[in-house]
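Below: the structure, in structure tokens.
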Amino acid sequence: MYYGAINLSQLVGPLPPPSEVDDDIIDALLKFLKASQTKDRTTKSVVFSQWNSFLDVVEKAML
94 MYYGAINLSQ LVGPLPPPSE VDDDIIDALL KFLKASQTKD RTTKSVVFSQ WNSFLDVVEK
154 AML
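Here the sequence shown is numbered in the numbering used here, starting from 94 and rising by one per residue.
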């Protein structure tokens, strides 16, 4: 049985709205980054995420 071609919007849905869990994760990340910087001022950190929107939220929280 063939149902026809599908498009990208049928495979990928929109991201859910931010939640308190996301806030807790961001708070923990910022706390870790600040502690690392306090311990050694030469420390550099790189944050990876599968979702660009998460990195945007982290960036805003760091400003």
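We put the CB at the ideal spot given by N, CA and C, even for glycine.
Can you give the Cα-Cα distance for D133 and K127, rounded to whole angstroms? Position 40 of the sequence shown, counted from the start, is the residue given in the question as residue 133. Position 34 of the sequence shown, counted from the start, is the residue given in the question as residue 127. If you draw a straight line from the Cα of D133 to the Cα of K127, it comes to about 10 angstroms.
Closest by C-alpha distance to A121, when choosing among V140, W144 and Q103: On the sequence shown, residue 121 is found 28 positions in, with the first residue counted as 1. Closest by alpha carbon: V140.
Taking just the CA atoms, how far does K124 sit from L104? Within the sequence shown, numbered from 1, the residue matching residue 104 stands at position 11. Within the sequence shown, numbered from 1, the residue matching residue 124 stands at position 31. L104 and K124: Cα-Cα distance of roughly 36 angstroms.
Segment limits, alpha helix (DSSP H) that includes V50: With the chain represented from 94 up to 156, any question about residue 50 goes unanswered, as that position is not in the structure.
Proximity below 9 angstroms, CB of S142 to CB of T136: Locating residue 142 in the sequence shown gives position 49, counting from the first residue. Locating residue 136 in the sequence shown gives position 43, counting from the first residue. No. Outside cutoff.
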